[in-house]
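Just below is one structure, and these are the notes that go with it.
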Amino acid sequence: MEFTLTEKQKMLKKITRQFAEEFIVPVARESDEKQELDDTVYQKMKEMNYFGACIPEEYGGAGLHNDTIGFGIVIEEISRADAAWGITIAVHNGVAAYPIYKYGTEDQKQEFLIDLAKGNKVGAFCLTEPNAGSDAAGVRLTAVKDGDEYVLNGTKIFATSGGIAGTLLVVAKTGEKDSRKQMTVFLVDSKTPGYSVGVKEDKMGVRASNTSELVFQDVRVPEENILGGAGEGFKMAMKILDFGRIGIAAQCVGLGQAALEASIKYANERVQFNQPIGRFQAIQWKIADMAIAIESARLFTYKAAYLHDKGEQFGMASSMAKLTASEAAMQAAHGAVQIHGGYGLMKAYPVERYFRDAKMGEIYEGTSEIQRLVIANNLLRKGA
Amino acid sequence: MKIFVCVKQVPGVSEIKIDPKTNTLVREGVESVINPNDRNAIELALTLKEKHGAEVLVLSMGPPQAEEILRESIAMGADKGFLLTDRAFAGADTLATSYTLSLAIKKILKESDPEEKYLVICGAQAIDGDTGQVPPELAEELGIPQIAYVLSIELNEDKIVAERKFRAVEIVVIETKLPALISVLNDINKPRYPSMAGILKAHDNSKITYYNAQDLNADEAKIGLNGSSTEVWKIFAPERKGNRVILRGTLEEIVQQLCQNLKDDKIL
Numbered sequence: 015m016e017f018t019l020t021e022k023q024k025m026l027k028k029i030t031r032q033f034a035e036e037f038i039v040p041v042a043r044e045s046d047e048k049q050e051l052d053d054t055v056y057q058k059m060k061e062m063n064y065f066g067a068c069i070p071e072e073y074g075g076a077g078l079h080n081d082t083i084g085f086g087i088v089i090e091e092i093s094r095a096d097a098a099w100g101i102t103i104a105v106h107n108g109v110a111a112y113p114i115y116k117y118g119t120e121d122q123k124q125e126f127l128i129d130l131a132k133g134n135k136v137g138a139f140c141l142t143e144p145n146a147g148s149d150a151a152g153v154r155l156t157a158v159k160d161g162d163e164y165v166l167n168g169t170k171i172f173a174t175s176g177g178i179a180g181t182l183l184v185v186a187k188t189g190e191k192d193s194r195k196q197m198t199v200f201l202v203d204s205k206t207p208g209y210s211v212g213v214k215e216d217k218m219g220v221r222a223s224n225t226s227e228l229v230f231q232d233v234r235v236p237e238e239n240i241l242g243g244a245g246e247g248f249k250m251a252m253k254i255l256d257f258g259r260i261g262i263a264a265q266c267v268g269l270g271q272a273a274l275e276a277s278i279k280y281a282n283e284r285v286q287f288n289q290p291i292g293r294f295q296a297i298q299w300k301i302a303d304m305a306i307a308i309e310s311a312r313l314f315t316y317k318a319a320y321l322h323d324k325g326e327q328f329g330m331a332s333s334m335a336k337l338t339a340s341e342a343a344m345q346a347a348h349g350a351v352q353i354h355g356g357y358g359l360m361k362a363y364p365v366e367r368y369f370r371d372a373k374m375g376e377i378y379e380g381t382s383e384i385q386r387l388v389i390a391n392n393l394l395r396k397g398a
Numbered sequence: 014m015k016i017f018v019c020v021k022q023v024p025g026v027s028e029i030k031i032d033p034k035t036n037t038l039v040r041e042g043v044e045s046v047i048n049p050n051d052r053n054a055i056e057l058a059l060t061l062k063e064k065h066g067a068e069v070l071v072l073s074m075g076p077p078q079a080e081e082i083l084r085e086s087i088a089m090g091a092d093k094g095f096l097l098t099d100r101a102f103a104g105a106d107t108l109a110t111s112y113t114l115s116l117a118i119k120k121i122l123k124e125s126d127p128e129e130k131y132l133v134i135c136g137a138q139a140i141d142g143d144t145g146q147v148p149p150e151l152a153e154e155l156g157i158p159q160i161a162y163v164l165s166i167e168l169n170e171d172k173i174v175a176e177r178k179f180r181a182v183e184i185v186v187i188e189t190k191l192p193a194l195i196s197v198l199n200d201i202n203k204p205r206y207p208s209m210a211g212i213l214k215a216h217d218n219s220k221i222t223y224y225n226a227q228d229l230n231a232d233e234a235k236i237g238l239n240g241s242s243t244e245v246w247k248i249f250a251p252e253r254k255g256n257r258v259i260l261r262g263t264l265e266e267i268v269q270q271l272c273q274n275l276k277d278d279k280i281l
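Just so you know, the protein sequences line up as chains P and X, in that order. In my numbering, each residue carries its 1-based index in the first sequence increased by 14. In my numbering, each residue carries its 1-based index in the second sequence increased by 13.
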């Protein structure tokens, strides 16, 4: 077992941190208020290859497809600056670009993956519907075969980056019987006639990240746009989400780290009763507990990434990582606001934003309850 | 054309610690970075490469850990890295350093095309020693013209025209033929960040060339402590005066906080 980062990972961490502090941190608050990602940052992120982080170079990516720990580190550092950018890059890579690399045909990679990896287009994974959230098998959006095309009808909601996406991975129902075996993932270009973006959600946290309703009205998609085979959609979607959760876990670790660092800084600076509040045990214990939670989550995240890269089963590990990390981020953000006292409630300090951002992590990409379900099912199926 | 860039690894902190016994910088637990002016030098080399085509070769003299800054330079876009490392180089002052660097440049030129035109770019000075002596000394060792404190440069065939900062307020325009050496200030450009693909390439597909004293056929009397004509008597960290407070928030909030602080301190 090896707990040291490679030289490459160390440099990725250092450079991403410097980049994020210079370009993302200064506009994070404004982006949160405007509910929009900053376009200058977007262009810079493109130049840095963050949109193709875990895609090989031959498809326009940076080449971290075999180094998921490195990918996690990058997401962590971006999220430390702004969790909204963290979720955007994590989702774009983890559940849009990477699945096309992993399950797509060469033609699909040429048509869709290269633009995603280069950041010319943003990707979105569209599963959730009004009646299909935690119960992913409840998808009602239909895809009916008509000649060598499929016609998509229905609505997706809460799609991360949905409103800004150029390429969509749409989970649709291609048959009536057992819904799990009748689900198929389609690659849809956002310019396809019949597709439109509905309501843009006004969220509590990661407000700069776009979350939208997406409407499909007689959207005709050629058969060759099926990702991974007709009827394979449910199983594949679950696998895609297994990998996606590593990115989300890393996003939460970065956010928690930001909350911890803000707390340490404030505890050392803020003087009450003639001494920095960091000298009080009430504050010390909070900081220690925050640090323990975040470090545990970081180790879980790296372990899930490690298992993935080794080609081993990593679904349960990624659930554990996502669960631990989102709860650690919430704990850290909660502690950070408390340590900041009145100032913690004010927009002038970032911990208020961290608090709102952290709550999102316990809900999206599988709620904490669903993660526990996945973990328990894994264990019980295996038996003692 | 070859562009040589000389870089130095320096502690990446604003507050330095000094070992009172050895009169040297405490490097343990301190992150090391490429000297800021040297990053400008790399950026300039890369810009010239993009515009005119050139091979960018980055050199550093230092302990084996200095390989990290060469990898970072390659990640930014440099073609090759050369690390001049040997216990015999330790304790070098600027004179011994420039001598050693010049040997490496001569060796590289000799082993490729000795007639090829070249430009040497250095950062004007390092944030640790802050002498600014290596660039001019290196030019002397190489026997080539030099322009120090350059703010902008135009390359035209085998000629360069550079604006150099002079006595803080004046700018002098100087033209010279290649080969030549220039040292640059941080106003000249804004160094790029290495892209992720660049970082991966720098680690997976790039080799750093190591040169020791023997490889360079160095004269033992001219390298390291032996070759140094200066001796450090005393070194101390600048004293920190007063506490700084950094105000954050929107302009209005900052102004409000500032007024409040001034009131609290009974200044207003």
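Yeah, the Cβ is synthetic: ideal placement off N, Cα and C, and Gly gets one too.
Residue burial classification, residue i (beta-carbon count within 10 angstroms, cutoff 16)
i: Ser223/P; result: buried
i: Ile250/X; result: Contrary to the premise, residue 250/X reads as Ala rather than Ile in this sequence. Ala250/X should be labelled exposed.
i: Ile103/P; result: buried
i: Ala181/X; result: exposed
i: Met330/P; result: buried
i: Cys1/X; result: Lying before the first or after the last residue shown, residue 1/X is absent from chain X, which here runs from 14 to 281.
i: Gln289/P; result: exposed
i: His354/P; result: buried
i: Ser242/X; result: exposed
i: Phe65/P; result: buried
Chain X contact for residue i (CB, 8 Å cutoff)
i: Glu71/P; result: yes
i: Ala104/P; result: no
i: Glu383/P; result: no
i: Lys22/P; result: yes
i: Gln286/P; result: no
i: Ala273/P; result: no
i: Ala146/P; result: no
i: Phe369/P; result: no
i: Gly258/P; result: no
i: Gln32/P; result: yes
i: Ala362/P; result: yes
i: Gly77/P; result: yes
i: Ile83/P; result: no
Test item: CB-CB of residue i and residue j under 8 Å
i: Val133/X; j: Ser86/X; result: no
i: Ser196/X; j: Ala137/X; result: yes
i: Leu97/X; j: Ala67/X; result: no
i: Gly137/P; j: Thr82/P; result: no
i: Gly3/P; j: Ala346/P; result: Outside the shown range of chain P, which is 15 to 398, sits residue 3/P, and nothing can be said about it.
i: Ile248/X; j: Asn48/X; result: no
Selected residue, minimal CA-CA separation from residue i, among the options
i: Glu366/P; options: Leu241/P, Lys253/P, Met344/P and Arg386/P; result: Met344/P
i: Ile463/P; options: Leu393/P, Met59/P, Gln352/P and Thr119/P; result: Residue 463/P cannot be examined here, being either before or after the span of chain P that is shown, 15 to 398.
i: Ala166/P; options: Leu228/P, Val235/P and Trp99/P; result: It should be pointed out that residue 166/P corresponds to Leu in this sequence rather than to Ala. That would be Val235/P, whose Cα lies nearest to the Cα of Leu166/P.
i: Tyr357/P; options: Leu275/X, Arg261/X, Lys279/X and Asp277/X; result: Arg261/X
i: Thr144/X; options: Glu233/X, Val245/X, Lys30/X and Lys34/X; result: Val245/X
i: Leu127/P; options: Pro144/P, Gly176/P and Glu72/P; result: Glu72/P
i: Glu124/X; options: Lys15/X, Lys214/X, Lys220/X and Ile82/X; result: Lys15/X
i: Ala186/P; options: Leu321/P, Gly325/P, Leu141/P and Phe172/P; result: Leu141/P
i: Val185/X; options: Glu176/X, Leu59/X and Leu38/X; result: Glu176/X
i: Ala152/X; options: Ala193/X, Glu81/X, Ser219/X and Ala105/X; result: Ala193/X
i: Ile201/X; options: Arg52/X, Ile29/X and Leu155/X; result: Arg52/X
i: Gly74/P; options: Tyr115/P, Ala150/P and Lys58/P; result: Tyr115/P
is_contact[residue i, chain P] using C-beta, thresh 8 Å
i: Ala91/X; result: no
i: His216/X; result: yes
i: Ile212/X; result: yes
i: Pro207/X; result: yes
i: Glu266/X; result: yes
i: Glu233/X; result: no
i: Arg177/X; result: no
i: Gly262/X; result: yes
i: Glu85/X; result: yes
One or two residues paired with residue i in a DSSP bridge
i: Met25/P; result: Paired residues: none, contrary to the question.
i: Tyr131/X; result: Lys15/X
i: Asn167/P; result: Thr156/P
i: Thr206/P; result: Answer is none; Thr206/P lacks a bridge partner.
i: Pro290/P; result: Val285/P
i: Ala179/P; result: Val136/P
Compile a chain-ordered list of the residues in the region 47 to 73 of chain P whose CB is closer than 9 Å to at least one CB of chain A. Within the model displayed, chain A is absent; protein chains P and X are what it includes.
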